[in-house]
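Engineer: According to this note's numbering, the stretch in the sequence shown is residues 121 to 173, in order.
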Amino acid sequence: MLITPGTFVRHPGQPDWGLGQVQSVVGDRITVNFEHAGKVVINSRVIDLELAD
Numbered sequence: 121m122l123i124t125p126g127t128f129v130r131h132p133g134q135p136d137w138g139l140g141q142v143q144s145v146v147g148d149r150i151t152v153n154f155e156h157a158g159k160v161v162i163n164s165r166v167i168d169l170e171l172a173d
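#1: Would His156 be called buried (16 or more neighbouring beta carbons within 10 Å of its own) or exposed?
#2: Is there at least one non-hydrogen atom of the ligand GDP closer than 7 Å to the beta-carbon of Val160?
#3: Terminal residues of the continuous beta strand (DSSP E) containing Gln134?
#4: Determine the DSSP secondary structure at Leu171, reduced to helix, strand or coil.
#5: Please identify the residue among Ala172, Trp137, Gly133 whose C-alpha is closest to the C-alpha of Phe154.
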């Protein structure tokens with residue numbers, strides 16, 4: 121799965137965070153701005169983000 125800045129994603133373990141838009145990808149670190157959680161840094165080795173429909 122290719123996640124790039126601008127991609128819309130969801131966190132599988134935190135559905136209440138809502139839709140998120142990827143801000144940056146640096147190595148395994150993905151910064152996502154979620155509707156209800158704000159900016160969160162995700163470790164892609166630990167969490168597999170889901171692409172939004």
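We put the beta carbon where it would ideally sit given N, CA and C, even for glycine.
Note that the coordinates shown come from a computational prediction; the quantities given were computed from them, not determined experimentally.
Structural biologist: In this structure, then:
#1: The residue in question, His156, is exposed, as its Cβ has fewer than 16 Cβ neighbours within 10 Å.
#2: Although the ligand GDP was asked about, the structure shown includes no ligands whatsoever.
#3: Here Gln134 belongs to no beta strand (DSSP E), and DSSP marks it neither H nor E.
#4: Leu171: strand per DSSP, three-state reduction.
#5: Check the Cα spacing between Phe154 and each of Ala172, Trp137, Gly133: the tightest is with Trp137.
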